[in-house]
Structure formats: C-alpha cells, structure tokens
Amino acid sequence: MIKSLVKKILPNSVISRYHYFLAFAGALFYGFPSKKIKVIGVTGTNGKSTVVYLLAQMLKNAGYKVALSSSIEFWMGDKIWPNTFKMTMPGKAFLQKFLKQALISGCDYVIVEVTSEGILQNRHAFIDFDSVVLTNISPEHIERHGGYENYKRTKGKLFEALGSSTKNNKNIIINIADKEANYFLSLVGDDPTKRPSGVVFRRSDQVATTGIFSGIQEVVSANERVNKEGVLFNINGVEFESKLQGVFNIENLLAVISVGIGQHMQLDDMSKFLKECGVVPGRLEKISNSRNIDIYVDYAHTPAALEAVYQTLSRNSELVCVLGAAGGGRDKWKRPELGRIAAQYCKKIILTNEDPYDEDPKNIIEAIEEGIKEKKESDIDFEIIIDRKKAIIKAIEFTKPGQALIVTGKGSENLMMLAHGEKMSWDDREIIKEIIA
7 MIKSLVKKIL
17 PNSVISRYHY
27 FLAFAGALFY
37 GFPSKKIKVI
47 GVTGTNGKST
57 VVYLLAQMLK
67 NAGYKVALSS
77 SIEFWMGDKI
87 WPNTFKMTMP
97 GKAFLQKFLK
107 QALISGCDYV
117 IVEVTSEGIL
127 QNRHAFIDFD
137 SVVLTNISPE
147 HIERHGGYEN
157 YKRTKGKLFE
167 ALGSSTKNNK
177 NIIINIADKE
187 ANYFLSLVGD
197 DPTKRPSGVV
207 FRRSDQVATT
217 GIFSGIQEVV
227 SANERVNKEG
237 VLFNINGVEF
247 ESKLQGVFNI
257 ENLLAVISVG
267 IGQHMQLDDM
277 SKFLKECGVV
287 PGRLEKISNS
297 RNIDIYVDYA
307 HTPAALEAVY
317 QTLSRNSELV
327 CVLGAAGGGR
337 DKWKRPELGR
347 IAAQYCKKII
357 LTNEDPYDED
367 PKNIIEAIEE
377 GIKEKKESDI
387 DFEIIIDRKK
397 AIIKAIEFTK
407 PGQALIVTGK
417 GSENLMMLAH
427 GEKMSWDDRE
437 IIKEIIA
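Residue numbering for the sequence shown follows this note's numbering, starting at 7 and increasing by one per position.
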C-alpha cells in the first residue's frame, strides 16, 4: 500500500535514481562479484524462462557448475529452490548477493532471466555480463512502459550494458528473424575493437531482417520436424533432438545452441547434452493421467505465446482451454486479443480467474469475452467459471479422448495474487493432479 502510494507521488526519475543507488550499493557491498564469474543474461518477450532453463541444463550436462535465477526457480549448483517472490528479478540487491553466493560456491556460470521491469528498476545495473541473449520482442507491459517503443528501449539497456561491460570475449546472441534485430545489434557500440562478437540465429523458413557486422556468426537450422514427441532439426549436418514441443521451441533451442557456440562448445557435444534435457516446468508441460486425454499447463500470457501454444497443440487435437488474464491494470489491451485467439483455435473455452490483484475478476473476464464474441463461430462453446479450480474441473470433465486440454497463464507459478496484496498458494499442475487422482 505504502509502496504503491510512493510510486504515485514521486517522479519516475527519482525512483529510477533510487533503484540505481540500491544496485550500486549492493554491488559495492558484495565486492562486484560479476567481474569474477561468467554471467549470461537472457531477455525477450517470450521464451526467456525456457532458454534460461535449457541453457543451465546443457551447461550442467557438460560438467559445469551452474547458478540460475529465473521466474521458475533458483539454482546454486545442485541446490534448487522455487522462486516464490512472484517477480523474475527480485530487488534489494538480491542479484548481487546471488552472484556473490555463486562465486563462493565455485559456480562456473550464472544464468539470469532479465525482464523489462527489472531493467526499469536498474536491477541489471553493475552486473558485468559476458553474454546477452534476445529471444524475440513483441508488445508487452505497454501500460507500465507507456508504449511499445519505451518497452523496446528498456530492453535495449541490457545490450548497452553488454557494450560497456569490462569483460573480455563478450557475446551478443540475437534472433535475426525478429523485426527488431537490427536495433538491438546497433546498441553494443560502433568501435569494432570493443564491440562484442556474437551469434545470430533463425530457422530455415525464416528470413533475416538485417545484415550482420564482422565477428558475428549465423546459425540456421535445417530439416526441421515437429511432432507430438518433440522437435528435430540439424545444424551443419549435426542432428538435434528435444522433447520440447512446437516450432517456436526450435528458436529457443537455437538461442541456447548459439550461446554454446559463443562459449566455444562443439555442436556434437551440445546435441548430446540437449537431448538429455527434460521438459521445462510449466512450459507446455504434459500432466500424466489415466483418462486417455492430453492435459497441458503453459505459462503463455501474451498473444504471441498463446497463439504459438494453440497452433502447436491444434495440429493433432481439438482444443479445450482454460483461459484468464492478469489484473492489476496489467496490459488491458491484450485481454480481448487473448479471447480472439482462443476463439480461433479452441473448440471449448472456459474463462476464469488468474491473478486478479485489486481488479474485479468479472471485469477482466468480460474484456476477454469481448474478443471471443468478435471471432465467435457457431460451433464454439464458451462459458465463465470464476473459481479457477472449478473451471479446471469442468474442463477435465468436458475433454474427451483425442482432444487436448490446455490451461494457460500461470505455468509453474506457485502463488495466486489477490486483492490488497494477499497471496494464495496455487499451482495449476498440482490442482490438476489432485482432480484426476
């Protein structure tokens, strides 16, 4: 309550300087630990958590000791614990302390999931990055940033930080098929003697949106195949195989491979290490059951991510979906868009509560409903069940063998955010397992 009031009273410039001071104080207190350990930052609109998780798994399989900070969980070598902050980049010098602990623990790499909100609050400041990755970028957090261009520029500060990093052998990793690739490549400096080297990536069916400067390699997948068991593709004759589903996950895997190339890993080795990687928690995670129906949980909460998930699953099955959207004034523009996308791909839609914060869940759901009604076909069935557990129960009861049920919005999150800052313990995966037991 007090924090919210302070944010409304103080100018953004004052708040930004406050966070900058906190970042400096934290780095100073912990002895600027990032200067003594390899740090890889991953940002983008979609795919961040997947890339961070796969990259950490690949490096671990390669024999490195890895620390990881993500929206899903934290790693410190073999110690793993869930992220219960309900924020990807915790504040108050958390990351500087985390980097120091990684250094003391003897970690070889620290992988950090970097968000626009974290950058806005200077939580990336005074971290010397060795590599920075852009998965993709599309409109998100528009209200928070005051427009897409501001959102893009905020993301860009991470790449400017890479350009000014004191590390040797810095790498920039970019999805060259993204329409903003040139913008992010331009941020790391004009001096070729100081500019990072790097790797850009794309699928064979994608077109590069910009040229590349010297010192940049291009990685292009070939012979891509997607099925219910996962994805397969090759790079320079080396076959890659993963349990991850969906063509969009080929891009995520290419991002991971590109980082590996920047770290001088061999394609043959990475193929073996990535094949050993498991699925990413809450990212198209399949819930085993004895009812002969496919049940998936996914974090998708942006229009692009939701459509990618629906496209993937609808290739093999009719879809039943449980859909909601976050409250608290977060990206109200996308609510009807989520509804339109659901109406395009799903046979049955159940609208429900997600993370309402201080908003009335009914208002959030009504905004999604508007989008459904715009696209609604005669054979689309949708209903509103505000109680999320009851909505999931109804969806499971409705789903028939041969259909797929997809519950989106929360993924592996373990909390639901309610009014007045109240938090309720919640995990879609555990709720589903409880229902089908």
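Glycine included, each C-beta is placed from N, C-alpha and C at the ideal position.
Closest Cα partner of residue i within the set the options
i: phenylalanine 165; options: Ser144, Ile133, Ile86 and Glu149; result: Ile133
i: alanine 425; options: Ile391, Ile370 and Tyr363; result: Tyr363
i: glutamate 282; options: Asn177, Phe246 and Val253; result: Phe246
i: valine 262; options: Glu403, Tyr305 and Gly47; result: Gly47
i: leucine 494; options: Ser220, Gln223 and Ser210; result: Residue 494 is absent from the model: the chain starts at 7 and stops at 443.
i: asparagine 188; options: Gly195, Lys200, Ile218 and Val205; result: Ile218
i: aspartate 393; options: Met271, Ile356, Phe104 and Val253; result: Ile356
i: leucine 109; options: Trp87, Leu74 and Phe91; result: Leu74
i: lysine 395; options: Ile386, Ile378, Lys416 and Lys381; result: Lys416
i: leucine 319; options: Lys234, Thr405 and Val57; result: Lys234
i: lysine 400; options: Ile441, Met430 and Leu259; result: Ile441
i: glycine 335; options: Glu365, Asp434 and Glu376; result: Glu365
i: proline 342; options: Ile378, Gly195, Phe104 and Glu186; result: Ile378
i: glutamate 205; options: Ser220, Pro198 and Leu193; result: It is valine, not glutamate, that sits at residue 205 in the sequence shown. The shortest C-alpha separation from valine 205 is found at Ser220.
i: proline 367; options: Glu376, Cys352, Gln350 and Ile391; result: Ile391
i: proline 145; options: Phe30, Arg159 and Ser192; result: Arg159
i: cysteine 113; options: Asn369, Gly152, His147 and Val72; result: Val72
i: cysteine 327; options: Leu260, Lys406, Arg208 and Arg297; result: Lys406
i: alanine 31; options: Val20, Trp87 and Ala131; result: Ala131
i: cysteine 352; options: Asn322, Lys340, Ala373 and Glu372; result: Asn322
i: glutamate 370; options: Lys338, Met430, Phe80 and Ile386; result: Strictly speaking, residue 370 in this sequence is isoleucine, with glutamate absent from that position. Of the candidates Lys338, Met430, Phe80 and Ile386, the one whose C-alpha sits nearest the C-alpha of isoleucine 370 is Lys338.
i: proline 198; options: Asn175, Arg208, Ser55 and Val213; result: Asn175
i: serine 55; options: Ile438, Phe91, Lys429 and Ser418; result: Ser418
i: glutamine 350; options: Lys340, Glu372 and Glu380; result: Glu380
i: glutamine 63; options: Asn240, Leu259, Ala29 and Gly243; result: Leu259
i: valine 58; options: Tyr24, Tyr115 and Gly37; result: Tyr115
i: glutamate 428; options: Lys92, Ile256 and Val213; result: Lys92
i: isoleucine 386; options: Glu436, Lys354 and Arg201; result: Lys354
i: glutamine 127; options: Arg23, Trp87 and His270; result: Arg23
i: lysine 85; options: Leu61, Leu60 and Ser111; result: Ser111
i: leucine 65; options: Ile437, Glu372 and Met271; result: Met271
Opening and closing residue of the beta strand (DSSP E) in which residue i lies
i: tyrosine 302; result: 300-304
i: phenylalanine 190; result: Premise fails: phenylalanine 190 lies in the alpha helix (DSSP H), 187-191, not in any beta strand (DSSP E).
i: glycine 6; result: Nothing can be reported for residue 6, as the shown portion of the chain is limited to 7 through 443.
i: glutamine 350; result: Careful: glutamine 350 lies outside any beta strand (DSSP E), inside the alpha helix (DSSP H) at 340-351.
i: valine 139; result: 137-140
i: serine 75; result: 72-75
i: leucine 329; result: 324-329
i: phenylalanine 80; result: 79-82
i: methionine 423; result: 421-423
i: glutamine 409; result: 409-414
7 Å Cβ cutoff, residue i in contact with chain C
i: glycine 50; result: In the structure shown, chain C does not exist; there is a single protein chain.
CB-CB length for residue i against residue j, believed under 8 Å
i: asparagine 52; j: threonine 308; result: 6 Å
i: glutamine 102; j: alanine 33; result: 5 Å
i: isoleucine 117; j: lysine 163; result: Actually they do not touch by this definition, with Cβ atoms about 19 Å apart.
i: arginine 129; j: methionine 82; result: Not a contact, Cβ separation roughly 19 Å.
i: serine 76; j: asparagine 89; result: 7 Å
i: serine 122; j: lysine 161; result: 6 Å
i: leucine 168; j: valine 138; result: 4 Å
i: phenylalanine 254; j: alanine 314; result: 4 Å
i: leucine 280; j: serine 248; result: 6 Å
i: leucine 105; j: isoleucine 43; result: 7 Å
i: aspartate 434; j: valine 285; result: No, aspartate 434 and valine 285 are not in contact; Cβ-Cβ is about 15 Å, not under 8 Å.
i: threonine 216; j: leucine 193; result: Contact flag wrong, Cβ pair sits at about 13 Å.
i: glycine 333; j: aspartate 361; result: 6 Å
i: valine 45; j: aspartate 136; result: 6 Å
i: alanine 397; j: leucine 325; result: Their Cβ separation, rounded to whole angstroms, is 15 Å, which puts alanine 397 and leucine 325 out of contact at 8 Å.
i: isoleucine 207; j: serine 277; result: Residue identity differs from the one stated: residue 207 is phenylalanine in this sequence, not isoleucine. 15 Å between Cβ atoms; not a contact.
i: isoleucine 267; j: valine 213; result: Between valine 213 and isoleucine 267 the Cβ distance is about 21 Å, and since that is not below 8 Å, they are no contact.
i: asparagine 142; j: glycine 50; result: 5 Å
Bounding residues of the alpha helix (DSSP H) (the contiguous stretch that carries residue i)
i: arginine 129; result: Premise fails: arginine 129 is in no alpha helix (DSSP H) and is neither H nor E.
i: serine 320; result: 309-320
i: aspartate 434; result: 434-442
i: phenylalanine 104; result: 100-110
i: aspartate 387; result: Where aspartate 387 is concerned, there is no enclosing alpha helix (DSSP H), although the beta strand (DSSP E) it sits in stretches over 387-390.
i: proline 367; result: 367-381
i: alanine 397; result: 394-404
i: valine 116; result: No alpha helix (DSSP H) holds valine 116; the beta strand (DSSP E) holding it covers 115-119.
i: threonine 358; result: No alpha helix (DSSP H) holds threonine 358; DSSP gives it neither H nor E.
i: lysine 54; result: 54-67
i: glutamate 146; result: Per DSSP, glutamate 146 belongs to no alpha helix (DSSP H) and is neither H nor E.
i: phenylalanine 30; result: 18-35
- prompt: Taking three-plus beta-carbon pairs below 8 Å as touching, is the segment 290-298 in contact with the segment 229-242?
  reply: no
query: Should the segment 172-181 be regarded as contacting the segment 340-348, the criterion being three or more beta carbon pairs within less than 8 Å?
result: no
Runs of beta strand (DSSP E) lying entirely within the segment 168-240, each at least 3 residues, in chain order: 177-181, 203-208, 222-226 and 228-233
query: For the segment 256-301, which segments carrying the alpha helix (DSSP H) assignment without a break, of at least 4 residues, lie completely within its bounds, in sequence order?
result: 273-281
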